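In order, the protein sequences belong to chains B and G. In this text, residue positions in the first sequence follow UniProt numbering: the first is 1, and each later residue adds one. In this text, residue positions in the second sequence follow UniProt numbering: the first is 1, and each later residue adds one. Everything on this sheet refers to the single structure shown next.
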Amino acid sequence: MFADALAMIETAAHLGPPAALRRDKPIPFEVLQEAAPIASGASVAISGLTKRFGETPVIGGIDLEIAPGSFVAVVGKSGCGKSTLLRLLLGLETPTSGRIDIPEGTTARFVFQEPRLLPWATVVDNVTVGLGRSGTRSTRRPAAAKALADVGLDGRGDAWPSVLSGGQKQRVALARALVSRPRLLALDEPLGALDALTRISMQALVERVWRDQGFTALLVTHDVSEAIALADRVILIDGGRIALDLPVDLPRPRRRGTPAFAALEKRVLDALFGGFEGGDAI
Amino acid sequence: MKRFRGLIGWILPATLLVGWEALSRLGVIPANILPAPTAVAAALWRVTVSGELARNMGVSAWRAGIGFLIGGAIGFAFGLANGLSRFSEQFTDTTLQMVRNVPHLALIPLVILWFGIDEQAKLFLVALGVFFPIYINTLHGIRSVDPQLVEMGKTYGMSGAELFSRVILPGALPSIFVGLRFGLGIMWLTLIVAETISASSGIGYMAMQAREFMMTDVVVLSILIYALLGKLADTVARVLERRTLAWNPAFEGV
Ligand SMILES: Nc1ncnc2c1ncn2[C@@H]1O[C@H](COP(=O)(O)OP(=O)(O)OP(=O)(O)O)[C@@H](O)[C@H]1O
Ligand SMILES: [Mg+2]
Numbered sequence: 001m002f003a004d005a006l007a008m009i010e011t012a013a014h015l016g017p018p019a020a021l022r023r024d025k026p027i028p029f030e031v032l033q034e035a036a037p038i039a040s041g042a043s044v045a046i047s048g049l050t051k052r053f054g055e056t057p058v059i060g061g062i063d064l065e066i067a068p069g070s071f072v073a074v075v076g077k078s079g080c081g082k083s084t085l086l087r088l089l090l091g092l093e094t095p096t097s098g099r100i101d102i103p104e105g106t107t108a109r110f111v112f113q114e115p116r117l118l119p120w121a122t123v124v125d126n127v128t129v130g131l132g133r134s135g136t137r138s139t140r141r142p143a144a145a146k147a148l149a150d151v152g153l154d155g156r157g158d159a160w161p162s163v164l165s166g167g168q169k170q171r172v173a174l175a176r177a178l179v180s181r182p183r184l185l186a187l188d189e190p191l192g193a194l195d196a197l198t199r200i201s202m203q204a205l206v207e208r209v210w211r212d213q214g215f216t217a218l219l220v221t222h223d224v225s226e227a228i229a230l231a232d233r234v235i236l237i238d239g240g241r242i243a244l245d246l247p248v249d250l251p252r253p254r255r256r257g258t259p260a261f262a263a264l265e266k267r268v269l270d271a272l273f274g275g276f277e278g279g280d281a282i
Numbered sequence: 001m002k003r004f005r006g007l008i009g010w011i012l013p014a015t016l017l018v019g020w021e022a023l024s025r026l027g028v029i030p031a032n033i034l035p036a037p038t039a040v041a042a043a044l045w046r047v048t049v050s051g052e053l054a055r056n057m058g059v060s061a062w063r064a065g066i067g068f069l070i071g072g073a074i075g076f077a078f079g080l081a082n083g084l085s086r087f088s089e090q091f092t093d094t095t096l097q098m099v100r101n102v103p104h105l106a107l108i109p110l111v112i113l114w115f116g117i118d119e120q121a122k123l124f125l126v127a128l129g130v131f132f133p134i135y136i137n138t139l140h141g142i143r144s145v146d147p148q149l150v151e152m153g154k155t156y157g158m159s160g161a162e163l164f165s166r167v168i169l170p171g172a173l174p175s176i177f178v179g180l181r182f183g184l185g186i187m188w189l190t191l192i193v194a195e196t197i198s199a200s201s202g203i204g205y206m207a208m209q210a211r212e213f214m215m216t217d218v219v220v221l222s223i224l225i226y227a228l229l230g231k232l233a234d235t236v237a238r239v240l241e242r243r244t245l246a247w248n249p250a251f252e253g254v
């Protein structure tokens with residue numbers, strides 16, 4: 001644990017931002033401010049992707065094309081490599097082999113399972129972290145305030161993170177990711193730690209900002225009904241490979257409990273447990 | 001109500017003081033063992049008027065401050081270097097840990113041989129004493145920075161100096177303050193011992209000289225002044241801590 005932290009801090013000094021996040025020029029602020037045009041999402045193409053940690057293969061050859069602006073959910077049993085896949089996409093891990101193609105200059109953002117807010121920075125200062133070095137003093141705060149308003153946290157900008165609820169913290173993390181108008185947003189079980197009611201309102205929030213901003217969304221979740229409620233396409237990972245690639249073409253906003261919804265949910269669950277009643281295996 | 005709660009802690013010391021004065025007046029406590037509070041106050045007036053107090057306090061504060069700055073700066077620098085670089089840690093930490101096991105006050109005879117009773121002797125001892133708490137707590141603070149926050153910073157494009165100033169240093173600060181307060185305690189302790197054993201000025205010297213002339217009131221006064229200075233340093237550190245760590249729920253509303 002200590003050693004990990006140390007290694008991280010050591011490399012931090014030498015490494016730039018991960019490849020997918022690197023951009024040569026800061027985004028001009030006017031561009032950040034404009035409402036993003038619909039379908040400004042980035043395309044993602046993965047071919048022959050593998051990843052091993054030491055001897056253990058985690059990702060064993062994945063090919064995947066993601067259409068710009070689409071919403072893809074990734075589900076799978078615990079430890080199947082979902083997080084690893086996202087981290088590879090965002091350049092937080094390097095592939096053992098294979099290619100990941102994301103257009104040059106794409107702003108990509110990652111929402112972690114934990115909010116990962118800086119406790120010593122106010123809410124608004126946490127959001128400006130998302131702007132990197134772009135913008136000036138006078139434009140960064142308004143941009144952050146607007147991002148906070150987008151996630152329903154108007155007027156909480158001067159609060160310390162420690163006084164926010166779990167759901168509010170996760171919304172700040174979302175605002176931080178969205179403030180730079182990313183074209184690709186990866187979310188790794190961002191709602192996993194929230195209670196059922198908060199989850200549902202957060203799901204609606206994620207869907208709304210995705211529709212407003214048109215980024216490509218990649219959501220890892222262990223909640224199959226969440227995947228079907230939000231995604232255009234559900235990908236099931238098993239044994240390091242894609243075991244199911246299911247288009248979801250239900251009209252939005254989606255209602256849980258309709259027969260079509262239930263049928264899709266059952267297909268994913270059956271594939272997850274190989275047709276057996278797997279109970280708590282996720 | 002709040003005012004009253006602030007006062008309640010003073011009832012006991014005030015009672016003790018009055019009792020002490022009464023017992024001294026009645027002759028139950030002989031003046032050459034423990035002088036009455038009023039006698040101590042008179043001594044305070046005497047040394048203040050003669051300028052002795054200001055001179056000796058100035059010298060002691062100077063020694064404490066300079067020694068602390070030297071030892072603290074070196075400890076902080078080593079803490080940062082060893083917290084951030086594994087090579088630096090492997091290179092120096094074992095040595096530092098070995099030196100740490102020598103109680104620095106045990107070096108007094110050697111230090112007197114090296115420096116005599118000059119200023120360097122006191123500065124050296126204070127700096128050495130302050131070095132370790134600052135070093136260890138800085139190192140620990142940097143090590144315990146949440147690696148998830150560091151990773152977050154990197155995904156948002158922070159690196160090098162920016163990552164250090166926005167994530168690593170603020171994360172290490174609570175622990176650095178612990179080191180600071182320990183260091184201040186050791187600073188006074190070291191100075192008291194060093195000034196008592198070998199000095200020609202300072203509060204400790206004033207106390208030792210008073211002892212030779214059986215001026216118990218000045219001895220007691222010196223002890224009280226040490227206590228007061230220690231308390232003062234700790235209060236300053238606390239205020240600084242509260243200001244800087246206002247985000248920390250542990251300091252909320254204090
Ligand atoms: N840095 C690493 N070093 C070694 N092994 C790792 C590392 N990161 C992940 N793994 C291993 O890779 C496998 C997949 O991990 P990953 O975190 O991608 O799973 P996951 O599908 O996200 O699981 P969960 O649903 O529990 O979050 C696990 O067996 C894990 O132990
Ligand atoms: Mg995971």
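Ideal Cβ placement from N, Cα and C applies to all residues, glycine included. This one's a predicted model, so the numbers in the text were calculated from it and none came from an experiment.
Report buried or exposed for residue i, applying the criterion of at least 16 other Cβ atoms within 10 angstroms of its Cβ.
i, result
"G/V59", "buried"
"G/K231", "exposed"
"G/Q120", "exposed"
"B/P251", "exposed"
"G/F87", "exposed"
"G/N101", "exposed"
"B/F110", "buried"
"G/M214", "exposed"
"G/T15", "exposed"
"B/E114", "buried"
"G/T38", "exposed"
"G/E151", "buried"
"B/Q213", "buried"
"B/D245", "exposed"
Residues of chain B with a CB under 7 Å from the CB of residue i: which are they?
i, result
"G/L149", "R116, L118"
"G/Y156", "V129, G130, G132"
"G/P249", "S162"
"residue 257 of chain G", "Residue coverage of chain G in this structure runs from 1 to 254, which leaves residue 257 of chain G outside it and unanswerable."
Cα-Cα, which of the options is closest to residue i?
i, options, result
"G/I74", "G/L228, G/A127, G/L240", "G/A127"
"G/G79", "G/G183, G/L149, G/A250, G/D93", "G/D93"
"residue 301 of chain B", "B/P119, B/V224, B/V72, B/D238", "Examination of residue 301 of chain B is not possible in this model, given that chain B is present from 1 through 282 alone."
"B/T107", "B/L131, B/A263, B/A147", "B/L131"
"G/R238", "G/W188, G/A227, G/F182", "G/F182"
"G/L123", "G/G179, G/F4, G/L189", "G/L189"
"G/G179", "G/P35, G/T138, G/A81", "G/T138"
"B/L178", "B/L90, B/D232, B/I235, B/V129", "B/V129"
"B/R199", "B/E207, B/R176, B/G167, B/R183", "B/G167"
"B/P247", "B/D238, B/G240, B/V268, B/G257", "B/V268"
Can you grab the Cα-Cα spacing for the pair residue i / residue j, in whole Å?
i, j, result
"B/I242", "B/T56", "18 Å"
"G/K154", "B/S201", "30 Å"
"B/L194", "B/R52", "31 Å"
"B/T221", "B/P142", "32 Å"
"G/F164", "G/M98", "29 Å"
"G/L229", "G/I108", "23 Å"
"G/A31", "G/A42", "13 Å"
"B/E93", "B/I100", "12 Å"
"G/G6", "G/L96", "44 Å"
"G/L105", "G/V193", "8 Å"
"G/L125", "G/G67", "8 Å"
"G/G157", "G/P103", "45 Å"
"G/G71", "G/L224", "26 Å"
"G/G19", "G/F76", "47 Å"
"B/S83", "B/V72", "14 Å"
"G/Y205", "G/A61", "13 Å"
"G/A36", "G/D118", "35 Å"
For residue i, which residues in chain B fall below 8 Å Cβ to Cβ?
i, result
"G/V167", "L118"
Give the interface partners of residue i over in chain G, defined as CB-CB distance under 8 Å, in chain order.
i, result
"B/F53", "The premise fails here: B/F53 is roughly 16 Å from chain G at the closest Cβ pair, so nothing lies under 8 Å."
Taking C-beta pairs closer than 9 Å, name the residues in chain G that residue i reaches, listed in chain order.
i, result
"B/L90", "T155"
Along chain A, which residues have their Cβ under 8 Å away from the Cβ of residue i?
i, result
"B/F110", "Looking at the structure shown, chain A is missing, and the protein chains on hand are B and G."
List the residues of chain B whose Cβ lies closer than 9 Å to the Cβ of residue i, in chain order.
i, result
"G/P170", "L118, P119, W120, A121"
"G/M187", "Those do not exist, as G/M187 stays about 27 Å from chain B at its closest Cβ, beyond 9 Å."
"G/M214", "Simply none; closest approach about 55 Å."
Quiz item: Counting pairs of beta carbons, one from the segment 206–220 of chain G and one from the segment 167–183 of chain G, are three or more of them closer than 8 Å?
Solution: Counting Cβ pairs under 8 Å, fewer than three are found: no touch.
Self-check item: Contact the segment 44–60 of chain G vs the segment 138–152 of chain G: 3+ CB pairs below 8 Å
Solution: Cβ pair count under 8 Å is below three, so no.
Quiz item: Is there contact here, the segment 39–50 of chain B with the segment 60–68 of chain B, by at least three beta-carbon pairs under 8 Å?
Solution: The segment 39–50 of chain B and the segment 60–68 of chain B touch, with no fewer than 3 CB-CB distances between them shorter than 8 Å.
Quiz item: For the segment 119–129 of chain B against the segment 153–172 of chain B, are there 3 or more C-beta pairs whose distance is under 8 Å?
Solution: They touch, by the three-pair rule.
Practice problem: Evaluate the contact criterion for the segment 257–268 of chain B versus the segment 212–231 of chain B: three or more CB pairs, one atom per stretch, below 8 Å. | Solution: The segment 257–268 of chain B is in contact with the segment 212–231 of chain B.
Quiz item: Counting Cβ pairs, one atom from each stretch, are 3 or more of them under 8 Å apart for the segment 175–193 of chain B and the segment 207–224 of chain B?
Solution: Enough Cβ pairs lie closer than 8 Å, so yes.
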